[in-house]
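Asks: For the sequence shown, the working numbering begins at 138 and goes up steadily by one.
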Amino acid sequence: MSASVSAHAAINSNLQIEAGQTFELGGGQEGGFTVTGRNTGPVAVVVLGKGEGAASAVLRGTVAPGGEVNASFGPGEMALLRNTSDRTMARLKLKITGDTSSLGMTYSANP
Numbered sequence: 138m139s140a141s142v143s144a145h146a147a148i149n150s151n152l153q154i155e156a157g158q159t160f161e162l163g164g165g166q167e168g169g170f171t172v173t174g175r176n177t178g179p180v181a182v183v184v185l186g187k188g189e190g191a192a193s194a195v196l197r198g199t200v201a202p203g204g205e206v207n208a209s210f211g212p213g214e215m216a217l218l219r220n221t222s223d224r225t226m227a228r229l230k231l232k233i234t235g236d237t238s239s240l241g242m243t244y245s246a247n248p
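(1) Assign Ala140 to buried or exposed, taking buried as 16 or more other Cβ atoms, counted over all protein chains shown, within 10 Å of its Cβ.
(2) Taking DSSP as the reference, what is the three-state secondary structure of Ala216?
(3) Does the stretch 187-195 come close enough to the stretch 221-236 to have 3 or more Cβ pairs within less than 8 Å?
(4) Taking 6 Å as the limit between beta carbons, can you name the residues of its chain near Met138, skipping five residues before and five after?
(5) Between Thr199 and Val180, which are expected to be in contact by the criterion C-beta below 8 Å, what is the C-beta distance as a whole number of angstroms?
(6) Assuming Thr234 contacts Thr171 (C-beta within less than 8 Å), just tell me the rounded distance between them.
(7) Check for me: the beta strand (DSSP E) holding Asn247 runs from which residue to which?
Okay, structure coming up:
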């Protein structure tokens, strides 16, 4: 009898996104992943998904202060978490599950 065990570990994060910035998670990974959690800050955060090779991102929803996020992203897809404020830092308490072994993470200026 054989068993296979997934080596994918969950990532827990107290994420802070500077005013006018977007947090970019994933892109190019082999498997999918899910982002769940709560907006613990004072400003709304927009959640978008951008497929591998796509020209633009697709809106998944807006998470108001105190609101919850539960968004899944497919293989190669990038999650974009965009701070809607140009003055105030956004804060989220997140759990990322699925194929987390090769997820890239970076920040970029809002378009």
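Note that beta-carbon positions come from the ideal geometry of N, C-alpha and C, so glycine has one too.
Replies: From the atom records:
(1) The pLDDT assigned to Ala140 is 38, lower than 50, so where the model puts this residue is not dependable; a value taken from the coordinates is nonetheless given after this. By the 10 Å Cβ count, Ala140 comes out exposed.
(2) Correct three-state label for Ala216: strand.
(3) Contact fails: fewer than three Cβ-Cβ distances are below 8 Å.
(4) Since pLDDT at Met138 reaches only 39, below the 50 mark, its modelled position is unreliable, and the value read off the structure follows with that caveat. So no residue of the chain qualifies.
(5) The pair is not a contact, with the Cβ atoms about 11 Å apart (cut-off 8 Å).
(6) That pair is a contact at about 5 Å.
(7) First-last for Asn247: undefined, no H or E at that position.
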